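For reference, the structure is listed below as structure tokens.
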Amino acid sequence: AGVASSDFNSTASLTVAEPPIISEISLRGGRDYLNVSWTSGDGMCGTVNYFVSLSSSTATMTNSTAAKSYNFTGLPLHTIFNVTVLASDMAGDGTPRSEIGIKDALQRPNAPTMVMDSYDVNTNVITVMWQAPSPTASCTANITNYTITVMDQNSP
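Each residue of the sequence shown is one higher than the last, beginning at 504 in the working numbering.
Take a look at the structure:
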């Protein structure tokens with residue numbers, strides 16, 4: 504008994520997967536790497552592969568993975584990153600999901616210590632001296648300037 508050719512003529516429509524939902528973007532390991540995690544969107548068809556991209560004004564890194572998280576390493580400090588995740592299945596590439604404005608956290612420098620001032624009445628000169636502050640945990644760059652504010656105590 505043969506199989507009628509009409510038994511194979513049914514067509515199935517494949518729907519492209521919904522965008523993944525980015526669930527976490529975080530700096531880990533003292534800024535050693537940035538972790539991006541996501542959950543699947545609806546409508547996945549067959550094997551799913553994800554493309555995750557991290558871009559800044561100077562570079563873009565894109566990686567492919569079957570997992571639902573990825574760690575980017577070797578990142579420049581003090582940079583705003585845009586993260587995009589796209590799901591691809593046998594129906595094709597889905598719509599990318601993006602998060603914008605991810606930046607490593609910076610702390611302001613500590614205040615200078617041992618601040619001393621003196622006023623020379625003969626020359627009408629105020630001299631201010633201080634010791635540079637110790638670096639904060641997230642700020643390893645050199646301090647580039649200081650601001651000294653002179654206030655008249657008689658002013659409101």
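Cβ atoms here follow ideal geometry from the backbone N, Cα and C, with glycine treated the same way. Model, not experiment: these values are computed from the prediction.
Check	Outcome
Sequence-distant residues of its chain with Cβ nearer than 8 angstroms to Asn552 (five each side left out)	Ser567, Thr568, Ala569, Ala590, Ser591 and Asp592
Unbroken beta strand (DSSP E) run spanning Val588, endpoints	Ile583 to Asp592
Leu578 (DSSP reduced to helix, strand or coil)	coil
For Met564 and Pro579, the rounded distance between their alpha carbons	12 angstroms
As assigned by DSSP and simplified to three states, the class of Gln634	strand
For Thr563, the three-state DSSP class (helix, strand or coil)	strand
Outcome for Val586 when other beta-carbon atoms lying within 10 angstroms are tallied against a minimum of 16	buried
CB-CB length for Phe584 against Ser559, believed under 8 angstroms	5 angstroms
Spatial distance of Val653 from Thr626 (CA atoms)	17 angstroms
Ser621 versus Met632, Ser637, Asn657 and Thr598, residue with shortest Cα-Cα distance	Met632
Own chain, CB closer than 7 angstroms to Glu602, minus 5 neighbours either side, in chain order	Ile525, Ile528 and Val586
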